[in-house]
Amino acid sequence: MSEVEKIEAELLGFLHREVFASNMAVTAETDLVAAGIDSMSLVRILLFVEMTHGLWIHEKEITTESLRNVRTLAATVARLLHER
Amino acid sequence: MNLTELLDETASRWPEKAAIVEGDTPVSYAGLVERVAAFSTRLRGFDLPPGCRVGLCYPNSIDYVALTFALWRNNAAVVPIPIECTDEESGTLAAAMQLQAVLSHKPLPQGTSLTPNCFFAPLTPATPPDNHGLNIAFIRFTSGTTNARKGVVLSHETVRDRVNVANRAFGIGPEDTVMWSLPMSHHFLITIVLYLSRGATIVLARQVLAGPFLDRVNRWRGTVLYGVPFQHALLAADGSGANLSSVRLAISTTCQLPQEVAENFSKRYHLPLVQALGIIELGLVSVNLDDPRGRWNSVGRPVGELRARILSPDAEGRGELAVSGPGLFDAYASPWLSRDEATSDGWFTTGDIGWLDADGFLFLAGRKTAVINLAGRKVFPEEIESVLNRHPAVRESRVHGRLHPHLGEVVEADLVLTKADADLEAVRDFCRAHLASYKVPTRLHVVSSLPRTVATGKIRRAVAVAAHE
């Protein structure tokens with residue numbers, strides 16, 4: 666499993682457990698905004714990444730491109746971890 | 002009086018004007034009043050007694066607004082139930098506030114549908130509520146500490162006074178278009194009711210990310226933004242070049258604005274972010290309209306006839322903030338405590354620590370109580386501890402806020418376990434089952450004992466513990 670895949674799996678696990686209703690099928694390609702991510706859910710995703718990787722995703726990285734789905738978010742996290 | 006009169010008056014002056022825009026569809030003031038009337042007629046069929054306390058659990062929408070006004074038209078007291086509440090939390094709220102009915106977006110046992118998306122169910126409180134002769138419009142439930150009074154009671158007259166005071170600062174009028182992104186179950190009176198009483202247009206904007214939000218502001222030519230620092234931080238970091246040329250006023254509320262966000266926002270949009278202080282017991286206390294750039298970290302001067310003072314200031318002038326003036330709450334609901342009993346010569350002691358500078362600008366420096374402010378959402382440690390302590394693996398717990406540079410504070414817990422190999426993920430699952438998700442501690446720290454006060458042996462509370470590692 667590559668690093669990006671690992672981050673993707675972590676994020677999916679977190680979203681299933683803590684953000685979306687248990688009956689919602691969320692995959693790495695699910696459009697997060699369309700799935701109903703609100704401001705507080707976004708705060709909690711950022712906190713999860715910070716807790717897991719010690720990385721606060723700067724606001725300028727939080728765009729429609731990076732938040733499109735779990736795959737793009739995982740790629741952003743992996744890139745920021747490398748740049749650190 | 003009844004607050005529905007405010008909406009009726011606006012609708013008779015500007016019937017064709019857009020009241021609320023949801024999606025791409027504006028609903029006019031006449032249309033909104035019609036919707037209120039339709040809901041009101043259906044509610045009448047349920048024979049609510051006057052002053053009946055009705056819980057409202059519904060997502061942001063035109064219907065949320067119409068349901069609230071329809072309940073008022075039926076002389077019911079509206080008690081918002083945030084949609085993120087678990088069933089257990091809603092049950093606690095319903096019992097403490099002695100709700101006699103509930104309107105919800107979720108199907109209810111023994112419920113009747115009011116619309117295809119809204120359900121009504123009668124409830125029977127253990128003891129029938131006593132409104133003490135007040136003309137109650139609204140009760141805001143606050144979970145608070147075990148000993149705290151729960152539920153802030155506001156009469157129609159008090160809400161009207163609050164709206165008038167708040168508008169001395171905001172100056173909302175029919176030319177305004179307010180971009181709305183906060184949960185109506187937490188913010189309604191000095192916002193939604195104010196806007197509708199002055200003929201403004203409210204544009205529901207659930208867009209979280211900066212790009213789509215800016216598109217929406219520009220599409221509808223928004224003039225007022227009202228949000229929390231986290232949203233402003235996203236806007237301040239936007240790199241698209243889109244502007245906010247139609248906006249005359251950008252308000253930041255619910256928690257302290259970080260300096261970086263204040264400066265970047267102001268540079269990015271050539272528009273200062275104005276901090277405002279709202280308190281449940283008082284409504285809008287202050288707004289920093291006079292010097293948002295120079296004194297970016299001030300919540301401003303008290304609005305209108307409100308007065309602020311600092312009780313027992315220390316050498317640096319810091320002390321507990323007390324406020325007096327119109328719009329002060331009418332009572333606490335549970336156990337009942339009237340305004341006169343809860344205040345001293347008309348002064349309400351807020352629990353906020355702050356100071357006033359020589360020009361009367363108010364600055365906040367924390368809370369006297371241990372309440373945690375997570376990106377503007379209030380979290381009470383005792384409520385979370387009472388859940389943690391019910392888990393068999395937890396002997397005792399202490400919940401506290403850790404200072405966070407971007408979010409104010411985050412929720413963490415220290416746990417003393419009953420056995421060393423307890424599964425912490427199971428403890429978190431237990432929290433998730435019983436608490437709204439934002440209240441679930443981000444981190445659980447296992448400790449061997451909790452700090453206690455020498456005198457009483459009670460767990461010692463820390464207010465915002467920094468650098469807890």
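Going down the list, the sequences are from chains A and B.
Under the working numbering, read the first sequence as residues 666 to 749, first letter to last.
Under the working numbering, read the second sequence as residues 2 to 470, first letter to last.
For glycine and all other residues, C-beta sits at the position ideal for the given N, C-alpha and C.
The model shown is predicted, which means the values in this text are computed figures rather than measured ones.
Beta-carbon proximity of B:Asp424 to B:Ser156, cut-off 8 Å: No; because the gap between Cβ atoms is not below 8 Å, this pair is not in contact.
Could you tell me which whole beta strand (DSSP E) segments of length 3 or greater appear in the stretch 348 to 420 of chain B? Scanning the stretch 348 to 420 of chain B for uninterrupted beta strand (DSSP E) segments of 3 residues or longer gives 349 to 357, 363 to 368, 373 to 375, 378 to 380, 395 to 405 and 409 to 418, listed from N- to C-terminal end.
Sequence ranges, alpha helix (DSSP H) only - wholly within the stretch 28 to 96 of chain B, length at least 4: Counting only runs of 4 or more, we get 30 to 45 and 63 to 74.
How would you write the range of the beta strand (DSSP E) that B:Val22 sits in, first residue to last? For B:Val22, the enclosing beta strand (DSSP E) covers residues Ala19 to Glu23.
So which residues on chain A does B:Phe231 lean against when the C-beta distance must stay under 7 Å? Within chain A, the C-beta atoms nearer than 7 Å to that of B:Phe231 come from Ser704 and Val708, in chain order.
Cross-chain neighbours of B:Leu210 in chain A, by beta carbon under 8 Å: From the beta-carbon of B:Leu210, the residues of chain A found nearer than 8 Å are Val698, Ile727, Thr728, Thr729 and Leu732.
Judging by CA-CA distance, which residue of B:Ala238, B:Leu258 and B:Met185 is the nearest neighbour of B:Asp64? Measuring C-alpha to C-alpha distances from B:Asp64 to each of B:Ala238, B:Leu258 and B:Met185 identifies B:Met185 as the nearest.
Just to confirm the assignment: which complete alpha helix (DSSP H) runs, minimum length 4, are found wholly within the stretch 218 to 252 of chain B? Correct list: 230 to 237.
Does the stretch 692 to 709 of chain A touch the stretch 672 to 684 of chain A, meaning 3 or more C-beta pairs lie closer than 8 Å? Yes, the stretch 672 to 684 of chain A touches the stretch 692 to 709 of chain A.
Are the stretch 197 to 205 of chain B and the stretch 170 to 184 of chain B touching, with three or more C-beta to C-beta distances below 8 Å? Yes, the stretch 197 to 205 of chain B is in contact with the stretch 170 to 184 of chain B.
Less than 7 Å between C-beta atoms, sequence neighbours within five positions excluded: which residues of the same chain meet that for B:Leu226? Closer than 7 Å at Cβ, skipping near neighbours: Met180, Val248, Ala251 and Ile252.
For A:His718, does the three-state DSSP call read helix, strand or coil? DSSP, reduced to helix, strand and coil, places A:His718 within a helical segment of the structure shown.
Rounded straight-line distance, which links the Cα of B:Ala359 to that of A:Ile702: Looking at the two C-alpha atoms, the distance is approximately 44 Å.
B:Val160 lies in the alpha helix (DSSP H); which residues open and close that run? For B:Val160, the enclosing alpha helix (DSSP H) starts and ends at His157 to Phe171.
Closest by CA to A:Leu720, which one among A:Leu745, A:Arg736 and A:Met689? Measuring from the Cα of A:Leu720, the nearest candidate turns out to be A:Leu745.
Within chain A, partners of B:Ala234 - CB distance below 7 Å: Correct list: Glu724.
Can you give me the Cβ contacts of B:Glu470 inside the same chain, cut-off strictly under 6 Å, excluding the 5 residues immediately before and after it? Annotation note: pLDDT 28 at B:Glu470 (below 50); position unreliable, coordinate value reported separately. The answer is none, since no qualifying residue turns up.
In angstroms, rounded to a whole number, what distance separates the CA positions of B:Lys369 and B:Ile354? Straight-line measurement puts the Cα of B:Ile354 at about 6 Å from the Cα of B:Lys369.
Supposed contact pair B:Gln260 and B:Asn289 - C-beta distance, whole angstroms, cut 8 Å: About 14 Å separates the beta carbons of B:Asn289 and B:Gln260, which is beyond the 8 Å limit, so they are not a contact pair.
Under 8 Å: do the stretch 133 to 143 of chain B and the stretch 63 to 83 of chain B share three or more Cβ pairs, one atom per stretch? Yes, the stretch 133 to 143 of chain B is in contact with the stretch 63 to 83 of chain B.
Any C-beta of chain A under 8 Å from that of B:Pro123: The beta carbon of B:Pro123 does not come within 8 Å of any beta carbon belonging to chain A, so the residue lies off that interface.
Contact between the stretch 422 to 441 of chain B and the stretch 372 to 381 of chain B: three or more CB pairs below 8 Å? These segments touch.
Check each residue of the stretch 405 to 437 of chain B: if its Cβ is closer than 7 Å to any Cβ of chain A, include it; give the result in chain order. The residues in question are His407, Leu408, Val411 and Arg433.
Cross-strand partners of B:Trp181 (DSSP beta bridge): In the DSSP output, where bridge partners are listed per residue, B:Trp181 has B:Leu205 and B:Tyr227.
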